[in-house]
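Student: Here it is: the structure, laid out below.
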Amino acid sequence: MKTTALITGASTGIGKAIAYHHAPLGDLVLVARSMDKLSAIKKDLEHKFATKVIVISKDLTKSNAPEEVHEEIHRLGIKIDYLINNAGLGGQGLFHQRKQSADQQIIDLNVVALVKLCKLFIPDFINQKQGKILNVSSIASLSPGPLQSIYFASKAFITSFSQSIANELKDSGVTVTVVLPGPTHTEFSNAAGMKSAKLFDNAVSAELVAKSSYEAMMKGKVKALSGVSRLHKMIIALMPFLPNKVIGAYVMHLNKI
Numbered sequence: 001m002k003t004t005a006l007i008t009g010a011s012t013g014i015g016k017a018i019a020y021h022h023a024p025l026g027d028l029v030l031v032a033r034s035m036d037k038l039s040a041i042k043k044d045l046e047h048k049f050a051t052k053v054i055v056i057s058k059d060l061t062k063s064n065a066p067e068e069v070h071e072e073i074h075r076l077g078i079k080i081d082y083l084i085n086n087a088g089l090g091g092q093g094l095f096h097q098r099k100q101s102a103d104q105q106i107i108d109l110n111v112v113a114l115v116k117l118c119k120l121f122i123p124d125f126i127n128q129k130q131g132k133i134l135n136v137s138s139i140a141s142l143s144p145g146p147l148q149s150i151y152f153a154s155k156a157f158i159t160s161f162s163q164s165i166a167n168e169l170k171d172s173g174v175t176v177t178v179v180l181p182g183p184t185h186t187e188f189s190n191a192a193g194m195k196s197a198k199l200f201d202n203a204v205s206a207e208l209v210a211k212s213s214y215e216a217m218m219k220g221k222v223k224a225l226s227g228v229s230r231l232h233k234m235i236i237a238l239m240p241f242l243p244n245k246v247i248g249a250y251v252m253h254l255n256k257i
């Protein structure tokens with residue numbers, strides 16, 4: 001039976017790669033700001049695969065955008081099986097020097113929009129007695145993030161929130177998976193002004209992260225790492241035993257441009 005996946009941040013990077021991974025298996029609702037990019041992806045996916053693609057141009061940093069997406073889905077009579085919250089925004093710089101409007105956008109997209117979409121779609125999934133949610137976090141959620149304080153904190157929220165609601169929903173037929181990718185080749189580094197940061201020196205492909213993230217969601221895993229190097233895995237394992245100032249200094253070194 002065909003399933004339908006709703007993917008946010010679907011015009012580039014991991015979101016786009018997940019769309020291509022799901023397309024042979026089911027239909028898609030793709031959400032992002034750029035209608036031009038979404039339309040090009042829709043045309044390509046429908047040409048390559050026997051699948052139906054609906055595109056919704058929406059800026060999820062706007063306060064009512066998640067509700068508008070949900071209303072549009074219901075208006076079209078589409079049953080969503082998988083909610084994939086991939087849209088995310090970052091930014092580099094000292095917290096006290098960054099514009100509040102820029103940091104607020106990160107919070108509104110990474111945290112507020114994701115929470116609202118979960119709040120809106122979980123009741124639908126419970127009524128359907130099935131549904132899967134994939135929230136894209138980051139290994140950044142596991143440490144302090146000097147020079148990316150709001151971004152790291154937003155990802156820490158996603159990781160904690162996702163695990164919490166996964167436990168709440170364990171007997172409902174609805175699963176929640178949070179994936180923690182390592183550094184990944186996407187347009188994120190350019191948008192965040194971090195293309196030259198050491199953090200992205202050994203980044204992996206968006207396709208690799210998309211495949212393993214999708215598979216973790218399908219297995220109903222609560223938490224999964226994706227595209228994480230052996231070095232990063234070792235550092236993650238050592239974090240509970242390292243002083244905060246050591247971790248912070250290391251992360252700050254990686255985030256410098």
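Going by the working numbering, the letters in the sequence shown line up with residues 1 to 257, in that order.
By construction, the Cβ of each residue, glycine as well, lies at the ideal position given by its N, Cα and C atoms.
Here the structure is a predicted model, which means the values were calculated and not measured.
Measuring alpha carbon to alpha carbon, tell me which of I122, A153 and D108 ends up nearest D59.
Tutor: Cα-wise, what sits closest to D59 is D108.
Student: If you measure between the beta carbons of T51 and G26, is that distance less than 9 Å?
Tutor: Yes.
Student: For N244, which of helix, strand or coil comes out of DSSP?
Tutor: Of the three classes helix, strand and coil, the one that applies to N244 here is helix, per DSSP.
Student: So for K42, helix, strand or coil by DSSP?
Tutor: K42: helix per DSSP, three-state reduction.
Student: Buried or exposed: which applies to N135, given that a residue is buried once 16 or more other Cβ atoms fall within 10 Å of its Cβ?
Tutor: Buried, since its Cβ has 16 or more Cβ neighbours within 10 Å.
Student: When the Cα of L38 is compared with those of F95, H22 and A10, which residue comes out closest?
Tutor: Nearest C-alpha to L38: A10.
Student: T159 lies in the alpha helix (DSSP H); which residues open and close that run?
Tutor: S149 to E168 is the extent of the alpha helix (DSSP H) around T159.
Student: Between L45 and A19, how many whole angstroms is the CB-CB distance? I'm expecting something under 8 Å.
Tutor: Confirmed, about 7 Å.
Student: Under a Cβ-count criterion, where at least 16 other Cβ atoms within 10 Å of its own Cβ denotes burial, should P146 be classed as buried or exposed?
Tutor: P146 is buried by the Cβ-count criterion.
Student: May I ask you to list the residues that DSSP assigns as paired with N135?
Tutor: Paired residue(s): N85 and V178.
Student: My guess is that A87 and G15 are in contact by the Cβ rule of under 8 Å, so how many angstroms apart are they, rounded?
Tutor: The Cβ separation is near 7 Å, so the contact holds.
Student: Under three-state DSSP, which class holds A50?
Tutor: Coil at A50, not helix or strand.
Student: According to DSSP, simplified to helix, strand and coil, what is V228?
Tutor: Coil.
Student: What is the residue span of the beta strand (DSSP E) that D27 lies within?
Tutor: G26 to A32 is the extent of the beta strand (DSSP E) around D27.
Student: Taking C-beta to C-beta, are Q130 and D171 nearer than 9 Å?
Tutor: No, the pair does not count as a contact, with Cβ atoms beyond the cut-off.
Student: Per DSSP, what are the beta-bridge partners of A5 in this structure?
Tutor: Paired residues: L28 and Y82.
Student: From D36 to V53, what does the alpha carbon distance come to, in whole angstroms?
Tutor: Computed Cα separation, rounded: 14 Å.
Student: Counting Cβ pairs closer than 8 Å, one from the segment 70-80 and one from the segment 114-131, do we hit at least three?
Tutor: These segments touch.
Student: Express the C-alpha separation of A210 and I150 in angstroms, rounding to a whole number.
Tutor: When rounded, the distance between both Cα atoms is 24 Å.
Student: Per DSSP, V204 forms a beta bridge with which residues?
Tutor: Beta-bridge pairing links V204 to T184.
Student: How many whole angstroms separate the CB atoms of V204 and G173, which I take to be in contact at a CB cut-off of 8 Å?
Tutor: That belief does not hold up - the Cβ atoms of V204 and G173 are roughly 33 Å apart, past 8 Å.
Student: Taking only the alpha-carbon atoms, compute the straight-line gap between E71 and L254 and give it to the nearest angstrom.
Tutor: If I take the Cα positions, the gap works out to 41 Å.
Student: Expressed to the nearest angstrom, what Euclidean distance is found between the alpha-carbon atoms of K132 and I106?
Tutor: K132 and I106: Cα-Cα distance of roughly 25 Å.
Student: Would you report the Cα separation of A192 and I84, rounded to the nearest angstrom?
Tutor: Low confidence applies here, because A192 scores a pLDDT of 48, under 50, leaving its location unreliable; read the following figure in that light. Their Cα atoms are separated by approximately 22 Å.
Student: Please report the distance separating the alpha-carbon of K245 from that of E215.
Tutor: Using only the alpha carbons, I get a separation of about 36 Å.
Student: Determine the direct distance from the alpha carbon of L238 to that of S101, and round the result to whole angstroms.
Tutor: Going by the C-alpha atoms only, they are around 35 Å apart.
Student: Have a look at Q92 and A140 and give me their C-alpha separation to the nearest angstrom.
Tutor: C-alpha separation (whole angstroms): 13 Å.
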